[in-house]
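Just so we're aligned: the sequence shown equals residues 82 to 330 in our numbering. For every residue, glycine included, the Cβ atom is placed at its ideal position computed from N, Cα and C.
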Amino acid sequence: TQLIPTSGEAYVYGYDVVKDADRIRSKVAVVPQEGKTYNFTTPWHEVYLAARIWGYGRVEARKKVEEVLKRLELWEHRNKLCIQLSGGLRQRTLLARALVTDAELLILDEPTIGVDPLGRRRIWDFIREIRDLGKTIILTTHYMDEAEEISDRVTIIDSGRIVAEGTIEELLSIVRNGIKIHVYGDDVGERLGNWSPRNVDGRWIINVSNEEELIDAVRDALRYGYRVTIKPPDLEDVFISLVGEMYEE
Numbered sequence: 082t083q084l085i086p087t088s089g090e091a092y093v094y095g096y097d098v099v100k101d102a103d104r105i106r107s108k109v110a111v112v113p114q115e116g117k118t119y120n121f122t123t124p125w126h127e128v129y130l131a132a133r134i135w136g137y138g139r140v141e142a143r144k145k146v147e148e149v150l151k152r153l154e155l156w157e158h159r160n161k162l163c164i165q166l167s168g169g170l171r172q173r174t175l176l177a178r179a180l181v182t183d184a185e186l187l188i189l190d191e192p193t194i195g196v197d198p199l200g201r202r203r204i205w206d207f208i209r210e211i212r213d214l215g216k217t218i219i220l221t222t223h224y225m226d227e228a229e230e231i232s233d234r235v236t237i238i239d240s241g242r243i244v245a246e247g248t249i250e251e252l253l254s255i256v257r258n259g260i261k262i263h264v265y266g267d268d269v270g271e272r273l274g275n276w277s278p279r280n281v282d283g284r285w286i287i288n289v290s291n292e293e294e295l296i297d298a299v300r301d302a303l304r305y306g307y308r309v310t311i312k313p314p315d316l317e318d319v320f321i322s323l324v325g326e327m328y329e330e
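Take a look at the structure:
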């Protein structure tokens, strides 16, 4: 709502983003990817200020702040200076600042970046609760498991272009016939090179398209004494299938 579009029009809840910018801002809360807390305030003051600006009275604001800080496990850190907090705790503070409002639309730009796995799960749970209250959430993420875990609809964008959009089930149908084999061990890339394994976070993944290939690939892996697990396709496979094809072209 602060930039004049070079072309086209955009509407939020029926309001024009240029002509009705103030109306839209009253309905939207944003957590930017590189947002910053004030170094010499505390999480409590950050979130309380957001609640008061949004229009809550003092008593209601305090109640809301306590609820959100406890839900995101920030309560024990509420009186620490933000400059003393870890990156993950500061990120949670930014999220709390947005969630304490009663915005109809939440825009979350990579809200779990820098957050530990347990913290990510708690944030996911809280986002689900907000969604179940009827709020609209637009979330950007590079974590495919995150998108698959909490999204109703997903849009895959590559280099500014939408390459796929739909429900999780609709997107998974793109690779429905695919089977993913996880192989654990050393020298997998060399020994099983004919299966084009790829290394993802220290584990090797082989994609096959049918049961015959599955049997052959597993047999080859077991021949070298590797531990093997078989997984159904996930959103990461969809992304690689779509974006990989574009790069090959």
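Any C-beta of chain D under 8 Å from that of I255: Absent here is chain D; the protein component of the structure consists of one chain.
G247 - containing beta strand (DSSP E), residue span: The count along the sequence shown starts at 1 and reaches residue 247 at position 166. Segment R242 to T248, the beta strand (DSSP E) holding G247.
H126 (DSSP reduced to helix, strand or coil): The count along the sequence shown starts at 1 and reaches residue 126 at position 45. The answer is helix: DSSP assigns H126 an H, G or I state.
Member of K108, E185 and K151 whose CA lies at the smallest distance from the CA of W125: Sequence index remark: in the sequence shown, residue 125 carries index 44 (1-based). Checked all of K108, E185 and K151; the closest Cα to W125 is K151.
Nonlocal neighbours in the same chain, by C-beta distance under 8 Å from A163, ignoring five residues either side: For the purposes of this step, residue 163 is taken as the residue at position 82 of the sequence shown. This sequence places Cys at residue 163; Ala is not what is there. If we look at C163 and ignore the five residues flanking it on each side, its Cβ neighbours are T118, Y119, N120, F121, T122, T123, P124, E127, R171 and T174.
For L189 and L199, the rounded distance between their alpha carbons: By 1-based counting over the sequence shown, the position of residue 199 is 118. By 1-based counting over the sequence shown, the position of residue 189 is 108. Whole-angstrom Cα-Cα distance: 19 Å.
Residue environment, L303, which counts as buried when at least 16 other CB atoms sit within 10 Å: Here residue 303 refers to the residue found at position 222 of the sequence shown. So L303 counts as exposed.
Member of D183, Y265, D206 and Q114 whose CA lies at the smallest distance from the CA of D366: The question about residue 366 has no answer here: the residues shown for the chain are numbered 82 through 330.
Straight-line gap, E185 to G168 (C-alpha atoms, nearest Å): Here residue 185 refers to the residue found at position 104 of the sequence shown. Here residue 168 refers to the residue found at position 87 of the sequence shown. Each residue's alpha carbon lies about 27 Å from the other.
Residue range of the unbroken beta strand (DSSP E) whose run includes K312: Taking the sequence shown and counting its residues from 1, one reaches residue 312 at position 231. Element bounds for K312: R308 to K312.
Rounded separation between P113 and E148 - CA only: The residue given as residue 113 occupies position 32 in the sequence shown. The residue given as residue 148 occupies position 67 in the sequence shown. So the alpha carbons of these two residues sit roughly 22 Å apart.
V309 versus A91, A131 and I260, residue with shortest Cα-Cα distance: On the sequence shown, residue 309 is found 228 positions in, with the first residue counted as 1. Looking at the Cα atoms, I260 is the closest of the given residues.
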